[in-house]
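Peer 1: Once you've had a glance at the structure underneath, I'll fire off some questions.
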Amino acid sequence: MAEQGQGWYVYCVVAADERPQLEGQPAVHSGSEIRLIGDEQLSAVASTVPLDEFGAEALRRNLEDMAWLERAARSHQAVLDRVLDSATAIVPMRLCTIFDDEEGIREMLAREHEHLLGSLERVRDHSEWSVKALADPAAVEAAVRARSAAAAPDAGAAGAGHAYVARKREERSLRERSRELVEAAAEEVHARLSEESEAHTLLPPQRREVSGRSGEMVLNGAYLVHRSRADAFRAAVAELTETQRGVGLELDLSGPWAPYNFVATEQPA
Amino acid sequence: MEQNTGGGAGGLTPSGAGGVPAASEPGGNLADVLERVLDKGVVIAGDIRVNLLDIELLTIKLRLIVASVDTARRIGLTWWESDPWLSGEAAEDDSRSLRERVKRLERELEGGQTNDDRALPAGELEDENRALREQIERLERELEPADESEDG
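For the record, the sequence lines run as chains V and W.
For what it's worth, my numbering labels the leading residue of the first sequence as 50, then goes sequentially.
For what it's worth, my numbering labels the leading residue of the second sequence as 22, then goes sequentially.
Here it is in structure tokens:
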């Protein structure tokens with residue numbers, strides 16, 4: 050039997066004095082209204098969800114459905130985006146954080162009070178920017194070749210066996226030098242952007258099948274940047290984009306994101 | 022911003038990414054959204070208990086497709102080798118160079134002894150020639166799937 054009734058889905062938490070503009074924003078379950086539920090200090094941004102779709106049993110099934118998962122993830126993200134537009138600090142929840150009723154949300158806010166206030170304080174007036182570096186293997190190798198064109202040995206002069214060995218050695222060396230060039234470039238980008246931000250973290254690079262991008266991801270950085278420094282950060286990315294293009298590296302900037310990577314992910318039990 | 026299509030919760034189609042200007046909006050790329058909403062953010066136990074780690078699709082599809090390395094520096098150690106496109110290219114180069122060698126060896130065999138004093142004795146040449154042919158065939162077999170995956 051499908052579960053009956055409704056629950057409350059929480060997207061994020063903001064300080065009680067924030068007034069996020071949520072009119073017309075689609076909820077994770079269409080037709081529900083997004084509301085603020087809270088106490089004197091904290092508000093949860095939440096909306097009702099039917100338990101026959103969001104109950105524990107239904108979720109286990111629905112989360113296995115890529116189309117359902119994508120829809121839920123994008124709605125969740127869109128709500129956070131909207132709140133971020135009009136709030137100074139937000140603490141994002143993980144997907145599908147659901148309570149039985151409004152009272153359950155208030156109990157959670159009271160229980161996590163200190164932790165949530167601390168996180169809000171830490172990210173106030175900051176947002177997260179994502180910078181990915183993508184290497185085009187052919188362009189990187191071309192850059193390596195160009196750098197060592199003069200030093201290339203004349204493989205044809207030796208006998209066939211010698212030429213073969215020389216060629217293999219050259220290929221291996223080309224691959225190694227490409228790797229070194231890319232690593233050095235990615236490190237340089239990350240070091241520079243770390244200077245331009247308040248905090249930084251590295252996420253696992255995405256494989257090409259999932260990133261949907263051409264080129265191999267060699268850097269997947271997240272940077273916490275103060276509002277007042279956002280323009281400088283973007284300018285630094287633009288500058289790095291120019292300098293790194295020569296070695297076959299493309300930079301991909303996205304943001305501002307809610308500070309997913311800069312709120313504590315675990316709290317004391 | 023997401024477009025409200027009204028009616029069902031649908032209408033949020035998979036992103037096509039595409040060429041983006043200086044800064045793309047968050048949420049354009051599904052992988053970027055998932056790596057945040059599933060893996061990051063505050064974990065607070067709700068009343069409805071679902072452990073995202075127990076979800077098979079998430080475990081298999083997402084965790085496998087996101088490279089399991091800690092830092093970009095680490096992935097720098099393997100990404101060239103694990104790139105089928107690149108290794109396909111390398112195999113193609115190998116195959117071409119081997120084919121040239123076979124041709125040269127055949128010419129040398131047919132024309133008898135050449136004036137190259139480094140040339141191998143005929144018996145060894147035949148052996149090497151055969152080995153090279155086998156190697157070329159193997160490389161060409163390996164190349165075929167790579168060629169197909171390049172299309173489209």
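Glycine residues also receive a C-beta, built at the ideal position from the N, C-alpha and C atoms.
Small disclaimer: the values here were computed from a predicted structure and weren't measured.
Note the first and the last residue of the continuous alpha helix (DSSP H) segment covering V:A122.
Peer 2: M115 to S135 is the extent of the alpha helix (DSSP H) around V:A122.
Peer 1: Check whether chain W comes within 8 Å of V:L252, counting only Cβ atoms and requiring the distance to be less than that.
Peer 2: For V:L252, the answer is yes, since a Cβ of chain W falls inside 8 Å of its Cβ.
Peer 1: Run down chain V in chain order and give the residues with a C-beta less than 8 Å from the C-beta of W:A152.
Peer 2: Near W:A152 there are no residues of chain V at all, since even the closest Cβ is about 12 Å away, more than 8 Å.
Peer 1: Find the residues of chain A that neighbour V:Q90, judging by a C-beta separation of less than 7 Å, and give them in chain order.
Peer 2: Included in the structure are the protein chains V and W, with no chain A among them.
Peer 1: Comparing alpha-carbon positions, which option in W:R154, W:V71, W:A152 and W:G48 lies nearest V:R120?
Peer 2: Looking at the Cα atoms, W:G48 is the closest of the given residues.
Peer 1: Helix, strand or coil: how does DSSP classify V:A285 here?
Peer 2: DSSP places V:A285 in helix when its eight states are reduced to three.
Peer 1: Smallest Cα separation from W:V225: which of V:L91, V:R109 and V:Q90?
Peer 2: No statement about residue 225 of chain W is possible, as the shown extent of chain W runs from 22 to 173 and does not include it.
Peer 1: Please decide whether W:E46 counts as near chain V, where near means a Cβ-Cβ distance under 8 Å.
Peer 2: Closer than 8 Å: yes.
Peer 1: For the alpha helix (DSSP H) holding V:S243, just list the boundary residues, first then last.
Peer 2: Looking at the DSSP string, the run of the alpha helix (DSSP H) that includes V:S243 is A209 to E244.
Peer 1: Grab me the residues of V:H125's own chain with a C-beta within less than 7 Å of its C-beta, minus the 5 sequence neighbours each way, in chain order.
Peer 2: So the list reads Y60, V77 and L144, once near-sequence residues are dropped.
Peer 1: Out of V:L298, V:E299, V:G304 and V:N269, point me to the one whose CA is closest to V:F282's CA.
Peer 2: The shortest C-alpha separation from V:F282 is found at V:G304.
Peer 1: Kindly list the residues whose CB is nearer than 7 Å to the CB of V:R84, restricted to its own chain and excluding five residues on each side of it in sequence; keep chain order.
Peer 2: Cβ neighbours of V:R84 beyond the five flanking positions: A95 and S96.
Peer 1: Just reading off the alpha helix (DSSP H) that V:I154 is part of, what are its end residues?
Peer 2: Where V:I154 is concerned, the enclosing alpha helix (DSSP H) stretches over E151 to R160.
Peer 1: State the Cα-Cα distance for the pair V:E152 and W:A52, rounded to the nearest angstrom.
Peer 2: Their Cα atoms are separated by approximately 34 Å.
Peer 1: I need the straight-line Cα distance from V:N310 to V:G270, nearest angstrom please.
Peer 2: When rounded, the distance between both Cα atoms is 10 Å.
Peer 1: Tell me where the beta strand (DSSP E) around W:N72 begins and ends.
Peer 2: It is not in any beta strand (DSSP E) - W:N72 carries neither H nor E in the DSSP assignment.
Peer 1: Run the CB neighbour count on W:D137, radius 10 Å, all protein chains shown included, and call it buried at 16 or more, exposed below.
Peer 2: Model confidence at W:D137 stands at a pLDDT of 45, short of 50, so the residue's coordinates are unreliable and nothing is read from them.
Peer 1: Suppose you measure from the CA of W:V64 to the CA of W:L55; what does that come to, to the nearest Å?
Peer 2: Taking the straight line joining both Cα atoms gives about 15 Å.
Peer 1: Quick test of your reading: W:R57 and V:W178, contact by CB under 8 Å. State the CB separation rounded to the nearest angstrom.
Peer 2: At roughly 13 Å, the Cβ-Cβ gap does not stay under 8 Å, so W:R57 and V:W178 are not in contact.
Peer 1: Using a threshold of 8 Å, state whether the C-beta atoms of V:L302 and V:V180 are closer than that.
Peer 2: Their beta carbons are under 8 Å apart, which means V:L302 touches V:V180 by this criterion.
Peer 1: Leaving out the 5 sequence neighbours to the left and right, which residues in its chain are closer than 7 Å to V:L133 when beta-carbon positions are compared?
Peer 2: The answer, listed in chain order, is I139, S176, P305 and A307.
Peer 1: Applying the 10 Å Cβ sphere with the 16-neighbour rule, what's the burial state of V:L300?
Peer 2: Buried: at least 16 other Cβ atoms inside 10 Å.
Peer 1: Does the contact criterion of 3 or more C-beta pairs under 8 Å hold for the region 228–236 of chain V versus the region 212–220 of chain V?
Peer 2: Contact fails: fewer than three Cβ-Cβ distances are below 8 Å.
Peer 1: Based on Cα-Cα distance, which residue from V:S246, V:V238, V:R256 and V:E265 lies nearest to V:T292?
Peer 2: That would be V:V238, whose Cα lies nearest to the Cα of V:T292.
Peer 1: So does V:V189 have its beta carbon nearer than 7 Å to some heavy atom of the ligand SAH?
Peer 2: Among the components of this structure there are no ligands whatsoever, and the ligand SAH is therefore not found.
Peer 1: Determine whether the Cβ of W:E155 lies closer than 8 Å to any Cβ atom of chain V.
Peer 2: Taking Cβ atoms only, chain V never reaches closer than 8 Å to W:E155, which makes this a no.
Peer 1: Please check if any C-beta of chain W sits within less than 8 Å of the C-beta of V:L273.
Peer 2: For V:L273, the answer is no, since every Cβ of chain W falls outside 8 Å of its Cβ.
Peer 1: Let me check understanding here. Comparing Cα to Cα, which of V:E82, V:E288 and V:E67 lies closest to V:G73?
Peer 2: Looking at the Cα atoms, V:E82 is the closest of the given residues.
Peer 1: Kindly indicate which three-state DSSP category V:G56 falls into: helix, strand or coil?
Peer 2: Note: V:G56 maps to strand in three-state DSSP.
Peer 1: Do you know whose CA, among V:L91, V:A287, V:T250 and V:A187, lies nearest V:E163's CA?
Peer 2: Selected option, being the one with the closest Cα: V:L91.
Peer 1: Using three-state DSSP, classify V:R256 as helix, strand or coil.
Peer 2: Coil, per DSSP.
Peer 1: Using beta-carbon positions only, say whether W:D68 and V:F103 come within less than 8 Å of one another.
Peer 2: Result no, Cβ atoms of W:D68 and V:F103 do not sit closer than 8 Å.
Peer 1: Determine the burial state of V:S277: buried for a count of at least 16 other Cβ atoms within 10 Å of its Cβ, exposed for fewer.
Peer 2: Exposed: under 16 other Cβ atoms inside 10 Å.
Peer 1: Need the endpoints of the alpha helix (DSSP H) that W:V58 sits in, please.
Peer 2: That run of the alpha helix (DSSP H) goes L51 to V58.
Peer 1: Please go through the same chain and pick out, in chain order, the residues whose beta-carbon is closer than 8 Å to the beta-carbon of V:V193, but skip the five residues on each side of it.
Peer 2: Taken in chain order, the residues that qualify are L223, R226, S227 and L230.
Peer 1: Going by DSSP, which residues form a beta bridge with V:I147?
Peer 2: In DSSP, V:I147 forms a bridge with V:Y58.
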